[in-house]
Every structure is written in structure tokens, then in C-alpha cells.
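*Asks:* Protein chains in written order, with full-length UniProt numbering: chain P, 1 to 285; chain R, 1 to 326. Every residue, glycine too, gets a C-beta built ideally from N, C-alpha and C. The structure under discussion is supplied below as C-alpha cells; questions concerning it will follow.
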């Protein structure tokens, strides 16, 4: 915008100070709500209500966190454990089932393979959230309503996962390797375990991170299933904390911040992978 | 060499003489059946918990299905759908959903485009910037919306404090939840915040695949950076733009978490005192699990499904048109 004529492609143009200034603004905009969540979770009631608002953290985080954990109406610690269970099981199952199916679609020959792959791609576009009423009835027939099983079951596989794994395995695992292993007498399960899995570790990391984040943040379905039960997931527990006529914000936000920390840690550890996964075309939840 | 050659063709004499019989049976099984075993968990689980409910939803929608009265089942015909047509709550929710949808999608995608264009330069620490803009995507909506709810509070809210700095609403602070327009803006802000970075990364990945000589040719013709963005970059990443438009249509029309948590009392699912920001997804939740009328809720979600299909179709056409397809 500063130069009228640019004789290079944008990819080759160096960022000017204006570019960096704009990016700093974007970054502040991105980080501010999370930062402010932390500020409020460390404040007293008076500090929350103060005008102009204080933007520095106070020293009350442990008091507030302690209040959240000792609440009798909401079992916050248990809800965090439930979130860990739900997200971990969903992530592990998705990784296993999707890589298994992705391997079959990428490297094995069987009748109907292409047609079935088309089905997988088509199901990518199905907004399954629109089936929740019937899904609830299905869970009722299975006797799972109100249990963690009902929250976990629909997340065990994902069409995107199969698609992503197929693409990655097709490129990352050479046909020759698979064939030579089979000539040596290895069964498919062994090929999957000893050759495919080690070769697709980066893809597993990407899909695992994205799946974990999605499962952890899911709200509507866990709310339908676990609302009013003693041990919901942390997202449902947060909505419980925020309900009622008099909500203690520093307490709710302490809970919200605690439930966000695991994801911030994931971003710090696996940020590079998450970025790559999305840039390779992830699907919005 | 292809794998097909390894597969024992049926017309060949079955086991090669050297192999023991049981082993050859095992390899046959491994070749013929194991692929289906590998893909079956996906199809079985996705069938039961993904596709079947969607179809079954259609059946529930034409039946009476109440959670508080299990005896009241049976064919309802199109009664649920007829009720929908004259249901003020439904039309109100539809209007809210569209209002918030437009206020969030348009700025979201435009800003994502501009940010992607910034990130598409040669930058120091480009991974750092990319990870930074993804923070909102990872933050749970349930948590971030609580922060925004405080930000948009009537008393002592930061939004009103900013407004008062420019001399607006000093005497009677704006009650963001009270009117449709202000509640819509507040909720759209949350949606925009969450998805801008994500979309920017999608655009960025497409931008980096554009051949550089296209820009050189344009530069010779004297196109500035802004013109290059609109005349070259945007048309060349058009498939991704269409993709993001479809995604945000599907996501935006199913908006649930933000209006829920913005409410003073999230568990009521009422979307404000006069339903001024109740969305359809919220109404479906309320009808199904507060009023316990699953049949009617199913009819609503089918209606929403059709609406999403139509809007996504129209948006795709529009995007193609605007993106420079002749």
C-alpha cells in the first residue's frame, strides 16, 4: 500500500515496518481475550468492576481457582478429568481407525474401493450436528443417554481423518516398501504397524492435535447429554458456573482459564504442526 | 510394479506348491478380507452415529415424539412443518441467525484475506505470526464468550468504556444484550474473532501456490499491491474462497455456543429476554430438551438443513461470479 508499484510477487516482497505494525495489532486482537480471561481470574470483585478497567493481573488467582474447585454444586475437578477422558479417547480412536482406513484406501486393492472413497468424501459435507435429535434417540435406545459413552461414541471416527490419512499415506509410504514387506510374508496388520505407523507420525500429530482441540471445545452435544448430571465435561460445567442471577465473574473466568490452559500448552508444543495441518486444508468443526 | 499382481487371481491354480495350506488360506484372507476389516470401523461408527441419525431425523420430524409423554408417538404427517410456518419464534430465530451470519461472515473473510496477504510477504519469524493468529481457534468458545460477555457488559464493560471515551452513551450506557442490532454485533464480533486467523491460514496456503511470474507480468503492466490483491490473488485462490464461504455458511447457520454463553442465563437457551439473539440451533435445543418436543425439534433441524443447502448453493454461485468466473 505504501509503494505504488511492486515489481515482485508478494511472496518475494519483504515486509515493511507497516506490515509488522499491522501484524502486531492482529496479534494483540487475537491474544487479548485470553489475556483478559487471565487478568479477571486473578482479580478481586472490586477490580473486575473498576473503571477504567485494570489490565494488569492481580494476585488472587489461587483464591479464585480454589473457589472453583471447592464448589459443591459444580464438580469442576471431576469435569476436567471427564474432559481429559473424552478428548483422549476420541483422539486415540480417531487416530487408530482413520489411519487404518486411510492405509487400506491408499495402499490396498479391493473391490469397491473407489466407490467407498467417494462415500467418505461425500460424508465430509454432512453437517452431523443437524442429526442431534435423532442421535439422542439412538443413544436412548442404546441406554447411553447421560453417560460419557454417548459423548464419546460419535467422535470416534471422522471422515476428514480418513481423507487426510489416505492422502498422507499415499505420498509418505512408498509402494515398494509395502510390497517388499508383503513378499517377505508380512500380513497387512504387520505392514500397518511396522511400516505405515512409523512413517506417518507427523500426520498423526497433526490430526491428533486438531481432534483433541475439537473434542475438548465441543459444547452442544455434551450439554445435551450431560447437563444436570453430576459429572459433565468442563465446558458444560463452565456454562453451569455462568448460569444464575448472580454470577461471580472472577470465579467463572478462573474456571474458564483453567479449562483453556491445556489447549494453550498444546499450541505452544504443537503450534507448528497445527498451523501446517490447517494450511493443508483442515475442516472447520 | 503394482499390487494387483500380488493378488492371487481366482483363475490361477490356487496354492503355489511350496506353501503350506493353512498359510495360503491366511494370505488369501489377508488380501481379500482384511482391507474391508480395516475400513469397517469407520463405516460402522459413522453409519450409526453420523449418517443414520441424519436420515432418521426425517422420520422423527413427521412423528409425534415427546420426551415427557412416551405414549404419544405416531404419525404426525406434516403437522410439525405446518406448525413451523406459523411459529413466530422460528422466524425470529431465522432472522437473528441470518443477521449474525452476515455480520460475521463478510468481515471475517475480508479481514482473513488482508491478513493472509500480510503473511504472504517475506517475514521474520513467520511461524510465530501464524501460531499467534491461531490462538482464538484453540480457545474454547465457552470460555472466550464469557470474556466477551464481560467486555460487552452494560455497567463497567470495556466496550462501553471505549464508547464513553469518544463521548457516546456516557449518561445511559448501551445495554448490548437489549437490542437486536447491538446483540448481533457483539455476537458477530466473537465469531469473527474466533475464525479470522483460521481462514487467513487457509488463504495463505493457497496464495503461496500462486506462480510468481503472474505477478511479474502484472507489475510490468503497472498494477499496484492493492490491485494485484484483487485482480490476481483473489481470483487465483478462488476455490479456497468458495470453500471458506461454504464452511462459514454451514458453521454460521448452526451458530450455538456464542449466543448461548452470551445470555445472562446460559441454561435457559432463550437468547435474551425477548429472544433478540436466539439462533435456530439454540431454538432447536430449547424445543427439544427444554420443551421436550423432539418431533418438532427434528422438523426444525430439517428445515435448517434445507436452508443451509440453499444458502450454501447461492453463496457458491455468488462467490464464483464475484471471483471473476465468466
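Taking residue 65(R) as part of the alpha helix (DSSP H), name the residues at either end of that continuous run.
*Replies:* Counting from one through the second chain, the residue named residue 65(R) turns up at place 65. Unbroken run through residue 65(R) is the beta strand (DSSP E), 63-65; no alpha helix (DSSP H).
*Asks:* For chain P, find out if any of its Cβ atoms is closer than 9 Å to the Cβ of residue 25(R); answer yes or no.
*Replies:* Locating residue 25(R) in the second chain gives position 25, where the first residue counts as 1. Chain P contact via Cβ: absent.
*Asks:* How about residue 276(R) and residue 117(R): do their beta carbons lie closer than 9 Å?
*Replies:* Reading the second chain from its first residue, position 276 is the one you call residue 276(R). Reading the second chain from its first residue, position 117 is the one you call residue 117(R). Result no, Cβ atoms of residue 276(R) and residue 117(R) do not sit closer than 9 Å.
*Asks:* Is any beta-carbon of chain P found at less than 9 Å from that of residue 69(R)?
*Replies:* As a working mapping, residue 69(R) is identified with position 69 in the second chain. For residue 69(R), the closest Cβ of chain P is not nearer than 9 Å.
*Asks:* What's the call for residue 135(R), buried or exposed, on a 16-neighbour Cβ count within 10 Å?
*Replies:* Residue numbering aside, residue 135(R) sits at position 135 when the second chain is read from its first letter. Counting Cβ neighbours within 10 Å, residue 135(R) comes out buried, since at least 16 surround it.
*Asks:* Could you please tell me which residues of the region 143-160 of chain R, in chain order, have their CB closer than 7 Å to any CB of chain P?
*Replies:* 143, 144, 146, 147, 148, 150, 156 and 158
*Asks:* Where does residue 25(R) fall in DSSP's three states?
*Replies:* Stepping through the second chain from its first residue, residue 25(R) is reached at position 25. Reduced to three states, the DSSP call for residue 25(R) is helix.
*Asks:* Mapping DSSP to helix, strand and coil, what is residue 13(P)?
*Replies:* Here the question's residue 13(P) lines up with position 13 in the first chain. Three-state result, residue 13(P): coil.
*Asks:* For residue 50(R), count neighbouring C-beta atoms within 10 Å of its own C-beta (all shown protein chains included) and say buried if the count is 16 or more, exposed if not.
*Replies:* The sequence position of residue 50(R) within the second chain is 50, counting from 1. It is buried - the Cβ of residue 50(R) has at least 16 other Cβ atoms within 10 Å.
*Asks:* Strictly below 9 Å CB to CB, what residues from chain R border residue 56(P)?
*Replies:* Position 56 of the first chain, counting from 1, holds the residue named residue 56(P). Neighbours of residue 56(P) on chain R: none; closest Cβ ~14 Å, over 9 Å.
*Asks:* Given that a residue counts as buried once 16 or more other Cβ atoms are within 10 Å of its Cβ, and exposed if not, what is residue 1(R)?
*Replies:* The residue labelled residue 1(R) in the question sits at position 1 within the second chain. Residue placement at residue 1(R) cannot be trusted, given a pLDDT of 42 that sits under 50; what the coordinates show is reported in the next sentence. The residue is exposed, with fewer than 16 neighbouring Cβ atoms inside 10 Å.
*Asks:* Excluding the 5 residues preceding and the 5 following residue 170(P) in the sequence, name in chain order all residues of the same chain whose CB lies nearer than 8 Å to its CB.
*Replies:* In the first chain, the residue the question calls residue 170(P) occupies position 170. Correct list, in chain order: 106 and 107.
*Asks:* Answer with buried or exposed for residue 1(P), where buried requires no fewer than 16 other C-beta atoms within 10 angstroms of its C-beta.
*Replies:* Within the first chain, residue 1(P) is the residue found at index 1, counting from 1. Only weak support is given to the placement of residue 1(P): the predicted model assigns it a pLDDT of 47, under 50, and the question is left unresolved by the model.
*Asks:* What does the Cβ neighbour count give for residue 12(P), buried or exposed, with the cut at 16 atoms within 10 Å?
*Replies:* On the first chain, residue 12(P) is found 12 positions in, with the first residue counted as 1. Under this definition residue 12(P) is an exposed residue.
*Asks:* In chain R, which residues lie less than 8 Å from residue 246(P) when you measure between Cβ atoms?
*Replies:* Translated into positions along the first chain, residue 246(P) becomes position 246. Per Cβ cutoff of 8 Å: no residues; residue 246(P) is ~10 Å from chain R at best.
*Asks:* Mind pulling the chain P residues with CB within less than 8 Å of residue 297(R)?
*Replies:* Reading the second chain from its first residue, position 297 is the one you call residue 297(R). Ordered by position in chain P, the residues that pass the 8 Å Cβ test against residue 297(R) are 133.
*Asks:* Near residue 85(R), what residues of its chain come up, given a Cβ to Cβ distance below 8 Å and the 5 sequence neighbours on each side ignored?
*Replies:* To locate residue 85(R), count along the second chain from 1; it is residue 85. Within the same chain, residue 85(R) has no close Cβ partners at all.
*Asks:* Going along the chain, which residues of its own chain have a beta-carbon closer than 7 Å to the beta-carbon of residue 276(P), five neighbours each way excluded?
*Replies:* Stepping through the first chain from its first residue, residue 276(P) is reached at position 276. Excluding sequence neighbours, residue 276(P) sits near 206.
*Asks:* Measure how close the beta-carbons of residue 315(R) and residue 246(R) come, nearest whole angstrom, since I'm counting them as under 8 Å.
*Replies:* By one-based count along the second chain, residue 315(R) stands at place 315. By one-based count along the second chain, residue 246(R) stands at place 246. Their Cβ separation, rounded to whole angstroms, is 7 Å, which keeps residue 315(R) and residue 246(R) in contact under 8 Å.
*Asks:* By the criterion of Cβ-Cβ separation under 9 Å, what are the contact partners of residue 271(R) in chain P?
*Replies:* Your numbering for residue 271(R) matches position 271 in the second chain. Correct list: empty, because the minimum Cβ distance to chain P is about 14 Å.
*Asks:* What are the partner residues of residue 125(P), as DSSP defines its beta bridges?
*Replies:* Here residue 125(P) is taken as the residue at index 125 of the first chain, counted from 1. Looking at the DSSP assignment, residue 125(P) forms no beta bridge with any residue, so it has no partner.
*Asks:* Let me know the secondary structure DSSP gives residue 312(R) once reduced to three states.
*Replies:* Counting from 1 along the second chain, the entry for residue 312(R) is found at position 312. Helix, per DSSP.
*Asks:* Tell me, please, whether the CB atom of residue 79(P) is closer than 9 Å to any CB atom in chain R?
*Replies:* For this step, residue 79(P) is matched to residue 79 along the first chain. No, no contact with chain R.
*Asks:* Tell me whether residue 295(R) sits in a helix, a strand or coil according to DSSP, three-state version.
*Replies:* The residue given as residue 295(R) occupies position 295 in the second chain. Residue 295(R) falls in the helix class under three-state DSSP.
*Asks:* Need the endpoints of the beta strand (DSSP E) that residue 75(R) sits in, please.
*Replies:* Along the second chain, one-based indexing puts residue 75(R) at 75. Run containing residue 75(R): 73-75, per the beta strand (DSSP E) assignment.
*Asks:* Against residue 261(R), what residues of chain P qualify as contacts under a CB-to-CB distance less than 9 Å, listed in chain order?
*Replies:* The residue given as residue 261(R) occupies position 261 in the second chain. The contacting residues are 219, 238, 239 and 242.
*Asks:* How would you list, in chain order, the residues of chain R whose beta-carbon sits under 7 Å from the beta-carbon of residue 37(P)?
*Replies:* Taking the first residue of the first chain as position 1, residue 37(P) is located at position 37. Going along chain R in sequence order, the residues near residue 37(P) (Cβ under 7 Å) are 143 and 147.
*Asks:* Since residue 133(P) and residue 297(R) should fall inside the 8 Å C-beta cutoff, what is the C-beta to C-beta distance between them, to a whole number of angstroms?
*Replies:* In the first chain, residue 133(P) corresponds to position 133, counting from 1. In the second chain, residue 297(R) corresponds to position 297, counting from 1. Contact between residue 133(P) and residue 297(R) holds, since their C-beta atoms are separated by about 5 Å, short of 8 Å.
*Asks:* To which residues of the same chain is residue 152(P) closer than 7 Å at the C-beta, ignoring the five residues directly before and after it?
*Replies:* Along the first chain, read from residue 1 onward, the residue named residue 152(P) stands at position 152. Once the five neighbours on either side are set aside, the close Cβ partners of residue 152(P) are 86, 89 and 90.
*Asks:* Skipping 5 residues on each side, what residues in its chain have a beta carbon closer than 7 Å to that of residue 159(P)?
*Replies:* As a first step, residue 159(P) is located in the first chain; it is residue number 159 there, counting from the start. Closer than 7 Å at the Cβ level, and outside the excluded window around residue 159(P), lie 120, 123 and 124.
*Asks:* Taking the C-alpha atoms as reference points, what is the distance between residue 43(R) and residue 27(P)?
*Replies:* One-based indexing of the second chain puts residue 43(R) at position 43. One-based indexing of the first chain puts residue 27(P) at position 27. Each residue's Cα considered, the two are about 41 Å apart.
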